[in-house]
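A quick write-up on the structure given underneath.
Number of protein chains: 2
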Amino acid sequence: MDIKDYMHTLGQQARVAATAMARASTRAKNDALSELARLLLGAGTTLAEANARDIAAAEAAGLSAPMVDRLRLTEKVIATMAEGCDQLAAMPDPVGEITGVKRRPTGISVGQMRVPLGVFGMIYESRPNVTIEAASLAIKSGNACILRGGSEAIQSNLALWKLVGQALESAGLPVEAVQLVETTDRAAVGELITMPTFVDVIIPRGGKGLIERISREAKVPVIKHLDGNCHTYVDAEFDLEKALVVTENAKTQKYSPCNATESLLVHEQAAASFLPRIGAIFAAKGVEMRCDAASKSILATVPGANVVDATEEDWSTEYLAPIISVKLVGSVTEAIAHINLYSSHHTDAILTTNHPNAMQFLREVDSSSVMVNASTRFADGFEYGLGAEIGISTDKIHARGPVGLEGLTSQKWVVLGDGHVRG
Amino acid sequence: MDIKDYMHTLGQQARVAATAMARASTRAKNDALSELARLLLGAGTTLAEANARDIAAAEAAGLSAPMVDRLRLTEKVIATMAEGCDQLAAMPDPVGEITGVKRRPTGISVGQMRVPLGVFGMIYESRPNVTIEAASLAIKSGNACILRGGSEAIQSNLALWKLVGQALESAGLPVEAVQLVETTDRAAVGELITMPTFVDVIIPRGGKGLIERISREAKVPVIKHLDGNCHTYVDAEFDLEKALVVTENAKTQKYSPCNATESLLVHEQAAASFLPRIGAIFAAKGVEMRCDAASKSILATVPGANVVDATEEDWSTEYLAPIISVKLVGSVTEAIAHINLYSSHHTDAILTTNHPNAMQFLREVDSSSVMVNASTRFADGFEYGLGAEIGISTDKIHARGPVGLEGLTSQKWVVLGDGHVRG
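So the sequences go chain by chain: A and B.
Just so you know, the working numbering puts 250 at position 246 of the first sequence, and the rest follows in order with no gaps.
Just so you know, the working numbering puts 211 at position 207 of the second sequence, and the rest follows in order with no gaps.
Rendered as structure tokens:
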């Protein structure tokens with residue numbers, strides 16, 4: 005198989021399907037999603053067989069247990085995929101919304117209409133449920149998509165994709181609206197990201213290496229999600245009990261998500277009351293604390309605390325592990341400067357009872373999500389009410405933060421006249 | 005001078021300035037704009053001297069008369085620049101606007117805050133007034149910018165930039181918010197488009213060659229404006245007199261703008277009444293008609309008409325000249341298919357009295373501006389009420405069509421809680 009020809013064929017088919025999807029009725033799109041949910045719940049045996057083949061191959065290849073676990077299509081994973089499809093079916097259709105129509109002095113009316121982006125390419129690793137997330141978001145947003153999953157999940161992805169095709173067909177929508185790259189040849193990725201004629205945007209989900217490589221080589225726009233070096237800052241005036249609960253949740257509720265807090269900044273005036281108590285919580289949970297000198301002098305006195313000296317590198321590190329960097333600052337301004345320098349612009353929070361400081365933090369922290377008195381763990385499309393997310397963007401243009409249906413659309417201008425001409 | 009060091013220095017200074025600009029008060033930004041307007045109106049002699057040097061050099065270099073004309077800072081051009089600054093000062097500040105705040109079931113409130121993009125790089129040719137347009141839009145939108153004008157306008161650009169610096173200083177804003185690349189070395193462009201650490205987005209304005217080169221080589225997002233192959237489609241049911249006036253305006257009001265109509269599609273049922281009349285108008289104005297066989301058979305009978313056979317290439321050509329391609333179609337669906345195939349996705353219009361056809365055209369034409377019963381010449385930031393435009397985007401992500409203040413911003417998520425944690 006010539007990979008270039010193959011990918012161009014997928015691209016051409018996607019372009020044609022995208023036109024049909026852009027004009028598809030809300031009902032047809034919702035019907036496809038409901039049918040997909042039904043098919044998922046009914047396909048237990050087929051999915052289990054396909055998944056078992058991926059699992060066996062992964063185990064034979066010596067993949068680590070957590071890697072193998074990520075491949076598993078358990079009943080719970082399947083139920084969650086089906087629920088996601090049903091939720092999307094129940095959401096308002098973003099396509100066709102016309103906003104901001106204003107009459108201009110010339111007499112024309114000018115507004116904006118929300119439209120699908122066209123064709124998106126999705127490149128992802130391991131978890132096969134991403135196949136359904138991407139497919140369902142594409143259907144509801146009226147886009148076509150070309151999916152390239154990890155080779156280790158190819159059998160599961162093929163089985164899931166077959167259901168997507170059935171659902172599209174049953175709703176009278178083109179099956180080419182969602183295409184899966186059937187070859188595991190890596191050259192397919194290189195083609196997918198360099199076909200601007202057929203693909204409008206690339207959404208990579210995976211490790212930093214994958215995303216950096218794609219950003220470097222792509223010839224189309226990339227909505228990228230790099231790392232989440234998230235901060236929680238405890239201000240001088242704060243509610244001690246709430247700060248403890250939020251900081252504990254932000255760091256320890258789960259260690260692996262990108263929205264977990266990796267760095268704790270504490271105002272000098274808050275240190276004496278806050279640090280020993282959060283230090284005890286971290287000590288009890290086995291969280292290693294990498295500290296500047298000032299915070300170390302306090303935290304080192306906490307019984308059982310694992311306290312080490314932070315290096316410069318720690319301030320910009322996303323641990324995704326029971327490790328947190330800790331630093332004292334003299335003001336909210338200093339905290340903001342530290343965050344804007346070291347943060348990955350993903351999610352950062354202030355815990356404060358001081359309103360001007362809260363507002364300054366909201367305005368000046370240059371991150372895709374900025375929070376007041378809430379856990380950074382909330383940075384998530386579902387928590388934000390987007391219904392689902394295709395990813396979390398750490399870019400500054402187009403979409404920042406969790407990207408849902410709206411991020412898969414853009415707005416074109418509409419002008420309504422009655423024979424108007426420009427003078 | 006080491007160009008890389010020089011550009012990195014500009015980049016570092018821009019990053020620092022961007023932070024100050026993002027938090028600048030609306031008053032300070034408006035003061036800078038009003039002062040800039042005042043300085044422009046008072047700088048006649050200085051600007052005239054600098055401009056005369058560019059003109060002399062351009063004439064000595066044998067540039068064509070239209071090219072030399074584009075360089076001229078006439079009193080009218082200066083007055084228009086000053087008026088633009090005053091208009092921007094009077095516009096609402098886009099920065100800090102918080103929208104869509106909703107309470108989520110978890111208790112957190114989630115919304116979005118509009119923020120500047122950070123640093124944009126602007127690459128443009130000839131017309132020195134772009135220096136002021138870009139600088140003033142940067143100031144109002146709270147961004148920093150690095151401007152790289154054409155070498156043929158370097159003296160004029162330096163003189164204008166000096167005024168921008170004075171205006172920023174008088175308002176207490178950092179002069180590095182607007183920096184002009186002082187060298188005409190072409191390597192500076194190569195650096196500017198490959199410094200993702202310092203530059204968030206590149207906006208090129210100029211010929212197709214320049215923009216394609218920049219898009220190909222840039223390592224940061226590019227808001228690009230490629231060609232404007234705009235269509236006007238006359239439907240089966242239409243108002244003859246209005247259609248004549250709009251079509252004439254769309255094609256002949258000016259030939260060089262990107263929003264001028266380059267291709268005329270006419271429904272077969274409209275051809276007999278519409279084509280001879282518009283053909284006579286085009287004939288009188290010396291507009292060459294490049295026709296398919298069906299339209300040629302009608303237009304060839306018009307006295308004085310310059311009618312030739314269209315080639316396949318004509319359907320995708322932006323003439324920017326008194327030439328128009330003409331084709332008959334059998335339905336609005338056929339017109340839409342032709343436009344989506346050949347249009348540059350800039351601006352396309354339908355002239356119709358049929359409401360379903362108008363709505364179908366609005367929904368299905370995949371262009372940055374879609375119009376009903378209006379001249380394509382309206383596609384312009386000022387006409388749309390944006391106050392000014394930094395360019396017209398033919399991209400699909402981030403901003404489509406005229407890009408004004410809002411296109412130079414994006415939205416970050418804000419989350420307000422009261423000690424909320426994720427369960």
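In this text, a Cβ means the ideal position worked out from N, Cα and C, and glycines have one as well.
In this text, all values refer to a predicted model and were calculated from it rather than measured experimentally.
Positions of the beta strand (DSSP E) runs, each at least 3 residues long and wholly inside the segment 290–318 of chain B, are given as 292–295, 311–313 in order along the chain. Along the length of the segment 126–195 of chain B, whole beta strand (DSSP E) runs at least 3 residues long occupy 148–152, 182–184, reported in chain order. Collapsing the DSSP output to three states places residue 202/A in coil.
Secondary structure at residue 324/A: coil, using DSSP grouped into helix, strand and coil. The three-state reading of DSSP puts residue 377/A in strand, counting E and B together.
Residue 258/B is classed as exposed because its beta carbon has fewer than 16 other beta carbons within 10 Å across all chains shown.
Taking every protein chain shown into account, the CB of residue 351/B has 16 or more other CB atoms within 10 angstroms, so this residue is buried. Taking the beta carbon of residue 415/A as reference, the chain B residues within 9 Å of it are 403, 404, 405, listed in sequence order. Nearest in C-alpha terms to residue 292/A, of all of 107/A, 145/A, 326/A, is 326/A. Rounded to whole angstroms, residue 78/B and residue 39/B show a C-alpha spacing of 20 Å.
In summary, residue 102/A is exposed, with fewer than 16 beta-carbon neighbours lying within 10 Å of its beta-carbon over all protein chains present. Near chain A, meaning a CB-to-CB distance below 7 Å, no residue of the segment 128–151 of chain B qualifies. The beta-carbon distance between residue 405/B and residue 372/B, rounded to whole angstroms, is 4 Å. This is short enough to meet the 8 Å contact definition.
When CB distances to chain B are screened at a threshold of 9 Å, the residues of the segment 350–371 of chain A falling below it are 351, 353, 355, 362, 364, 366, 367, 368, 369, 370, 371, in chain order. When 7 Å is used as the limit between beta carbons, residue 388/A is near these residues of chain B: 114, 417, in chain order.
Listed by position along chain A, the residues whose Cβ is nearer than 8 Å to that of residue 420/B are 375, 376, 377, 378. When the alpha-carbon of residue 389/B is set against those of 91/B, 23/B, 58/B, the nearest one is in 91/B. Residue 337/B and residue 106/A have their alpha carbons spaced roughly 28 Å apart. Sixteen is the threshold: since fewer than 16 other Cβ atoms of the shown chains lie within 10 Å of the Cβ of residue 363/B, the residue is exposed. Scanning chain B for C-beta atoms nearer than 9 Å to the C-beta of residue 243/A yields 422, 423, reported in chain order. Counting only the Cα atoms, residue 304/B lies some 55 Å from residue 415/B. Using a CB distance below 8 Å, the part of the segment 90–114 of chain B facing chain A consists of 100, 106, 108, 110, 112, 114, ordered along the chain.
When C-beta atoms of the segment 260–272 of chain B are compared with those of the segment 316–331 of chain B, three or more pairs fall below 8 Å, so the two segments count as touching. Excluding residues up to 5 positions away in sequence, 123, 125, 224 lie with their Cβ nearer than 6 Å to the Cβ of residue 203/A in the same chain. Straight-line spacing of the CA atoms in residue 144/A and residue 235/A works out to 34 Å. Residue 25/B places its beta carbon less than 8 Å from that of residue 148/B.
Sixteen is the threshold: since fewer than 16 other Cβ atoms of the shown chains lie within 10 Å of the Cβ of residue 65/A, the residue is exposed.
For a Cβ distance threshold of 9 Å, residue set 108, 110, 112, 114, 419, 421, 424, 425, 426 of chain B lies close to residue 382/A, ordered along the chain. Residues of the segment 34–56 of chain B that bring their beta carbon within less than 9 Å of a beta carbon in chain A are absent altogether. Taking the C-beta atoms as reference points, residue 339/A is found no nearer than 8 Å to residue 330/A. Scanning 201/A, 423/A, 84/A for the CA closest to the CA of residue 133/A turns up 84/A. DSSP places residue 102/B in the uninterrupted beta strand (DSSP E) bounded by 102–107. Using a 10 angstroms sphere on the CB of residue 138/B, the tally of other CB atoms reaches 16 or more, which defines it as buried. Runs of the alpha helix (DSSP H) lying entirely within the segment 210–249 of chain B and spanning at least 4 residues, in chain order: 212–221. At a cut-off of 8 Å between beta-carbon atoms, residue 117/A makes contact with chain B. With respect to residue 100/B, residue 117/B sits close: the two C-beta atoms are nearer than 8 Å.
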